[in-house]
Amino acid sequence: GAPPGATSYQKLSMARDADGRVEIFLTDNQGRIWWIYQNPDVIVQVQKTITPPGTTTPIVVTFDELRPPAQPWSAWIQLTGQLVAVTALRQADGRIALFGINSALHLYRLPQA
1475 GAPPGATSYQ KLSMARDADG RVEIFLTDNQ GRIWWIYQNP DVIVQVQKTI TPPGTTTPIV
1535 VTFDELRPPA QPWSAWIQLT GQLVAVTALR QADGRIALFG INSALHLYRL PQA
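Numbering-wise, the numbering used here puts 1537 at position 63 of the sequence shown, and it's gapless, one number per residue.
As structure tokens, then:
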């Protein structure tokens, strides 16, 4: 879905984070900055009953398994500031840095913590 209260978008930029998941940043018609990201897979414990070779006695094996999250995307998060242009870049360490220009043509930079 769309960010709350946003009726149109000005600029959109995407980047992959250190885990390879997509993060999307956009500015809306009011200059607000929005962020949404792919949620990570979840680890669930699975139990399976198997009968080992050479025996007739079944055993229960427990193991961890990666599964898609219940919600594939986060909710939209409004970041501080207002911009007319936005660009997201992945840095060498895998963190994303967000760059932009505001209406007074001042540079905006927000590195991922």
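Cβ coordinates follow ideal geometry from the N, Cα and C atoms, glycine included.
Since the structure is predicted, the reported quantities are computational estimates derived from the model, not experimental observations.
Residues in its own chain within less than 6 Å of residue i by CB, not counting five upstream and five downstream?
i: Val-1458; result: Because the chain is modelled from 1475 through 1587, residue 1458 falls outside the range shown and cannot be assessed.
i: Gly-1494; result: none
i: Ala-1578; result: none
i: Val-1560; result: Lys-1485, Ser-1487, Phe-1499, Thr-1501, Gly-1574
i: Ile-1551; result: Trp-1509
How far does the beta strand (DSSP E) with residue i in it extend, from its first residue to its last?
i: Ser-1487; result: 1483-1490
Would DSSP call residue i helix, strand or coil?
i: Trp-1550; result: coil
i: Val-1558; result: coil
i: Leu-1579; result: coil
i: Ala-1571; result: strand
i: Arg-1610; result: Since the displayed the chain opens at 1475 and closes at 1587, residue 1610 lies outside it and no answer follows.
Bridge partners of residue i, per DSSP?
i: Asp-1538; result: Gln-1519
i: Gln-1512; result: Trp-1547
i: Leu-1500; result: Leu-1486, Trp-1508
i: Pro-1591; result: The chain is shown from 1475 up to 1587; residue 1591 falls before or after that span and cannot be answered.
Spatial neighbours of residue i within its chain, please: C-beta separation below 8 Å, excluding the five flanking residues on both sides.
i: Asp-1491; result: Glu-1497, Tyr-1511, Arg-1564, Gly-1568, Arg-1569, Ile-1570, Gln-1586
i: Asp-1538; result: Ile-1517, Val-1518, Gln-1519, Val-1520
i: Trp-1547; result: Ile-1510, Tyr-1511, Gln-1512, Asn-1513
Since I believe residue j is in contact with residue i (beta carbons under 8 Å), could you give me their beta-carbon distance rounded to a whole number of angstroms?
i: Val-1558; j: Gln-1484; result: 6 Å
i: Thr-1501; j: Gln-1521; result: So it is not a contact: roughly 48 Å between Cβ atoms.
i: Ile-1533; j: Pro-1526; result: 6 Å
Kindly list the residues whose CB is nearer than 7 Å to the CB of residue i, restricted to its own chain and excluding five residues on each side of it in sequence; keep chain order.
i: Ala-1562; result: Ser-1487, Met-1488, Ala-1489, Glu-1497, Phe-1499, Ile-1570, Leu-1572
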